[in-house]
Structure formats: structure tokens, C-alpha cells
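Down below is the structure, laid out as C-alpha cells.
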Amino acid sequence: MVLLVGPMNNLGLEMLSSMFGGLGAGSLAVPNRSNEPPEQLYATQLSQLQEMGFFDTQENIRALIATSGNVHAAVERLLGNSGQ
Numbered sequence: 001m002v003l004l005v006g007p008m009n010n011l012g013l014e015m016l017s018s019m020f021g022g023l024g025a026g027s028l029a030v031p032n033r034s035n036e037p038p039e040q041l042y043a044t045q046l047s048q049l050q051e052m053g054f055f056d057t058q059e060n061i062r063a064l065i066a067t068s069g070n071v072h073a074a075v076e077r078l079l080g081n082s083g084q
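Here the sequence shown is numbered in UniProt numbering, starting from 1 and rising by one per residue.
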């Protein structure tokens, strides 16, 4: 059994993520290792959430960060927090 350690692991995840594109709406998200602001990192997901009627950008960003960019999980989280 071969265990890959270091930057090559992330390269493989990034390649898989780009190959599968939008499948799973962010379920293959690679952790943010850059200094890219969440507004840019999750721009596509933020747009999807706004199209679904979630207009609180900061709350959307918090949900996306907590779910590593998974839109489905972010929606569930937002709906769960809607009464608070």
C-alpha cells in the first residue's frame, strides 16, 4: 500500500475536482490553501444560493465555509438556521 504525502495529494484532488466539475455541487471541494477571499473562492456557490433565494451573503459564506463549499449541505444549514 502506497501512501502519498505532501503537495501531490492536493494535486490529485484538484485534478479530480476539475474533472468532475459541478457534479455534487461542490462535494469534491479542495480545502482553501490560498489567500483567496471566500467571496471569490465560493463565487459560483454564492450565485447558486442567491438564485435559490438566499440573499444574506455573509450567512451564505459562513454556511459554505462550514460545508467546504457543498451547496446542498449549505442550504440544509441555512434552512436550519433560518429561525435563529
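Heads up, the beta-carbon is just placed ideally off N, CA and C, and yes, glycines get one too.
Treat the numbers as computed from the prediction; the structure is a model and nothing was measured.
Residue i versus residue j: straight-line alpha-carbon distance, rounded
| i | j | result |
| --- | --- | --- |
| PRO37 | VAL71 | 18 Å |
| GLN48 | PHE54 | 9 Å |
| LEU23 | ASN35 | Residue confidence is low: LEU23 scores 48 on pLDDT, short of 50, so the model does not pin down where it sits. No coordinate-derived value is stated. |
| GLN50 | GLY69 | 14 Å |
| MET52 | THR44 | 13 Å |
Segment limits, alpha helix (DSSP H) that includes residue i
| i | result |
| --- | --- |
| THR67 | Taken as a continuous stretch (DSSP letters only), THR67 belongs to no alpha helix (DSSP H), as it is neither H nor E. |
| PRO38 | 38 to 41 |
Neighbourhood of residue i by C-beta, 7 Å cutoff - its chain only, sequence neighbours within 5 removed
| i | result |
| --- | --- |
| THR67 | ALA73, ALA74 and ARG77 |
Same chain, Cβ closer than 8 Å to residue i, five either side skipped, listed in chain order
| i | result |
| --- | --- |
| LEU46 | GLU39, THR57, ASN60, ILE61 and LEU64 |
| GLY80 | none |
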